[in-house]
Amino acid sequence: MTRDGSILVLKTGDALTPVKAVRGDFDEWIAKGMGVAEDEVTVANVHLGDPLPDPASIAGVVVTGSPAMVTDRADWSEASAAWLARLVEADAMPVLGICYGHQVMAHALGGEVGANPNGREMGTVLVRHDTAAIADDPVLTGTVDPGHMSHLESVLRPPPDAQILATTDLEAHAALRFGPRQWGLQYHPEFDRDIMQRYVEARREVVASEGLDPDAMVESAVETPVLTSTLVRFAAFVRKASAA
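Under the numbering used here, the first residue of the sequence shown carries the number 33, and numbering increases by one thereafter.
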């Protein structure tokens, strides 16, 4: 990286405790998914009070998922939103938001986030990309491919000028392009099949109480190589952008 820095993982929460105990945390999964060296990634635990870094010290950003809700408007979340908005509005660097990260970016840029009217979306689902919209995209790829979901809130209204890149049966905004080099994904490219299954097991009681079938979710979980490749492609794009 020639932009005086690494890829920042902006950590907005921890993975569910029983999953984290066995498989580690979001930042580890994202770094592994990007296939980058340890010294190419820095982590800011903003939900625990870590300061937001000087943008000049980093080459790109990945914003993690979280058990928190964007609609809680926590101070750390609102500060992160304002910081991210400045990066996007200035097209300062590539940014990729995942789940909570996707939602907080939409909120930051003038969109609306709230409870998904279709209810909880969890498990491995089919993600339908707009193939025309992503035809020349340097990061997103795919047509109709499996992806891992675990969320209650959604982007209900995208920010002005945001482009919808993907949908699912329950999610109208499964992927958005916020700017020339900034994306949001409601799905989790950093999850593998085992992590997805463990997430369902950790939520088994609440999922069942909502009339959903956790056994079917566990059984239907599969690997998602096409959408997982988003992380590798993002890291490669950051390298190219920072070297330009």
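C-beta: ideal position from N, C-alpha, C; glycine also.
Host beta strand (DSSP E) of residue i (start-end)
i	result
residue 189	185 to 189
residue 40	38 to 43
residue 161	153 to 161
residue 78	It is not in any beta strand (DSSP E) - residue 78 carries neither H nor E in the DSSP assignment.
residue 209	207 to 211
residue 197	195 to 199
residue 68	Careful: residue 68 lies outside any beta strand (DSSP E) and carries neither H nor E.
Rounded separation between residue i and residue j - CA only
i	j	result
residue 137	residue 248	32 Å
residue 67	residue 75	16 Å
residue 235	residue 53	15 Å
residue 267	residue 121	21 Å
residue 193	residue 210	7 Å
residue 208	residue 96	16 Å
residue 269	residue 112	23 Å
residue 34	residue 214	Only weak support exists for where residue 34 lies, its pLDDT of 34 falling under 50; the coordinates are left without a value.
residue 153	residue 167	27 Å
residue 196	residue 178	18 Å
residue 118	residue 258	31 Å
residue 170	residue 230	31 Å
residue 254	residue 158	11 Å
residue 155	residue 141	28 Å
Among the options, the one whose alpha carbon lies nearest that of residue i
i	options	result
residue 151	200, 130, 174 and 128	200
residue 110	72, 88, 44 and 237	44
residue 173	60, 186 and 262	262
residue 42	103, 131, 105 and 104	131
residue 50	227, 255, 196 and 38	227
residue 176	167, 165, 198 and 170	198
residue 64	264, 272, 181 and 271	264
residue 98	156, 83, 238 and 184	184
residue 147	182, 168 and 114	182
residue 244	232, 224 and 255	232
residue 281	103, 108 and 101	Only positions 33 to 276 of the chain appear in the structure, and residue 281 is not among them; the question remains open.
residue 72	84, 83 and 89	89
residue 143	158, 191 and 149	191
residue 149	186, 156 and 114	186
residue 161	105, 155, 205 and 276	205
residue 62	103, 223, 100 and 239	223
For residue j and residue i, believed in contact at Cβ under 8 Å, the rounded distance
i	j	result
residue 91	residue 274	4 Å
residue 127	residue 93	5 Å
residue 134	residue 216	3 Å
residue 218	residue 242	Not confirmed; about 18 Å, so no contact.
residue 69	residue 57	About 18 Å; that fails the 8 Å criterion.
residue 221	residue 163	So it is not a contact: roughly 18 Å between Cβ atoms.
residue 145	residue 188	7 Å
residue 40	residue 83	Incorrect: roughly 12 Å between the Cβ atoms, too far for contact.
Check: residue i C-beta below 7 Å from any heavy atom of the ligand MG
i	result
residue 160	Ligands are entirely absent from the displayed structure, and the ligand MG is therefore not among its contents.
Counterpart residues of residue i in DSSP-defined beta bridges
i	result
residue 263	Per DSSP, none; premise fails for residue 263.
residue 129	95 and 216
residue 178	158
residue 147	185
residue 90	38
Boundaries (first-last residue) of the alpha helix (DSSP H) holding residue i
i	result
residue 50	49 to 55
residue 113	107 to 121
residue 246	246 to 252
residue 227	225 to 234
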